[in-house]
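> Quick note: the sequence shown uses the numbering used here, first residue 5, plus one each step. To start, I am sharing the structure in question, which I have written as structure tokens.
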Amino acid sequence: MYELTELEKRYVEVSSDCEKYLSKYISCLSSDLNGTVISKGALYNLRPYEMERAGFKKGRKLNKLPSAIKNTHVYYFDKLDRIILTEIYGQSENIINRECCIYGDNSLERLYFTSAGTLRNISVSFFEESIVKKDINWGAYGCCTSDYVYNGSILEKITVRQKEHKNPSFSEFDVIFKYKNDELESITNVFPNGYQEQRFP
């Protein structure tokens, strides 16, 4: 399994020539493209409850790009109906952040390029029987790992270890998921000092 040290090397490699890598990923689209979906706000979770954990509500599907372009997402799908590229618009049509998705046998690598063409971060999710078991992330300012704990197929907890590059040690917290009648009821970040931060609803 990929470790943070390997992901750091990958980040440095891509960062050294972002234009080449981004052009390579974009050029592969045409042969594999099977359709697009436009939405205002994020519409799909590539990790369990990713939007909800970030404090976002599910976006709204659109038929075309809106005149108020900010926070419009365009998803590109391959022939297996997997998201291979997401374009996220900023204040204008010229400001587009791009996230490229690369699928392995039991992994998903995501590379996030800013509208300026620089690499913001790379994350890798690892799957067992189509369930996310672990994430690792390396970005411009820090890194983190996330370990997923399930009860059967129900996600109960994510243990997150994170640090800024300038810090020598990691800090840790748990993300706790509560359900009611099989529906997600709440997501809470719980820290070792007892502090709790509700992320959803």
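Ideal Cβ placement from N, Cα and C applies to all residues, glycine included. Note that this is a predicted model, so its numbers are computed, not measured.
Give me, in chain order, the residues of the same chain whose beta-carbon lies closer than 8 Å to that of G121; leave out the 5 immediate sequence neighbours on both sides.
These residues qualify, in order along the chain: C22, E23, L26.
> If I follow the unbroken alpha helix (DSSP H) through K28, where does it start and stop?
Segment 22 to 31, the alpha helix (DSSP H) holding K28.
> So, does the stretch 138 to 152 touch the stretch 111 to 128, judging by three or more C-beta pairs under 8 Å?
Contact between the stretch 138 to 152 and the stretch 111 to 128 is present, because at least three Cβ pairs lie under 8 Å.
> Tell me whether T207 sits in a helix, a strand or coil according to DSSP, three-state version.
No answer is possible for residue 207: it lies beyond the span of the chain, which begins at 5 and ends at 205.
> Buried or exposed: which applies to V128, given that a residue is buried once 16 or more other Cβ atoms fall within 10 Å of its Cβ?
The residue is buried, with at least 16 neighbouring Cβ atoms inside 10 Å.
> Please state whether DSSP places E17 in a helix, a strand or coil.
Note: E17 maps to helix in three-state DSSP.
> Please name the residue, chosen from S111, S134, P205, S175, that lies closest to K184 on a Cα-to-Cα basis.
It is P205 whose Cα lies nearest to the Cα of K184.
> DSSP on R51, reduced to helix/strand/coil?
Correct three-state label for R51: coil.
> Helix, strand or coil for T118, going by three-state DSSP, please let me know.
It is coil, neither helix nor strand.
> Using the three-state DSSP reduction, which class does E113 fall into: helix, strand or coil?
Correct three-state label for E113: strand.
> Where do the ends of the beta strand (DSSP E) carrying E75 lie?
Here residue 75 turns out to be Asn, not Glu, going by the sequence shown. First-last for N75: undefined, no H or E at that position.
> Specify, as a first and last residue, the run of the beta strand (DSSP E) that F177 falls within.
Unbroken beta strand (DSSP E) run through F177: 175 to 184.
> Measure from the alpha carbon of K182 to the alpha carbon of each residue in D82, V136, I191, then state which is nearest.
Per the Cα distances, I191.
> Hey, could you find the ends of the beta strand (DSSP E) S190 is sitting in?
Segment 187 to 194, the beta strand (DSSP E) holding S190.
> To which residues does DSSP link E103 through a beta bridge?
T90, Y116, per the DSSP bridge assignment.
> From the DSSP output, in three-state form, read off S35 for me.
It is helical.
> Using the Cα positions of K74 and N38, report the straight-line distance between them to the nearest angstrom.
Those two C-alpha atoms are separated by around 25 Å.
> Please identify the residue among I180, N197, F174 whose C-alpha is closest to the C-alpha of R57.
For R57, the nearest C-alpha among the options comes from I180.
> Buried or exposed, going by whether 16 or more other CB atoms sit within 10 Å of the CB of V136?
Buried, by the Cβ-count rule.
> For Y93 versus I87, is the C-beta spacing smaller than 8 Å?
No, these two residues do not count as a Cβ contact at 8 Å.
> Per DSSP, what kind of secondary structure is E201 in: helix, strand or coil?
Here E201 sits in strand by DSSP.
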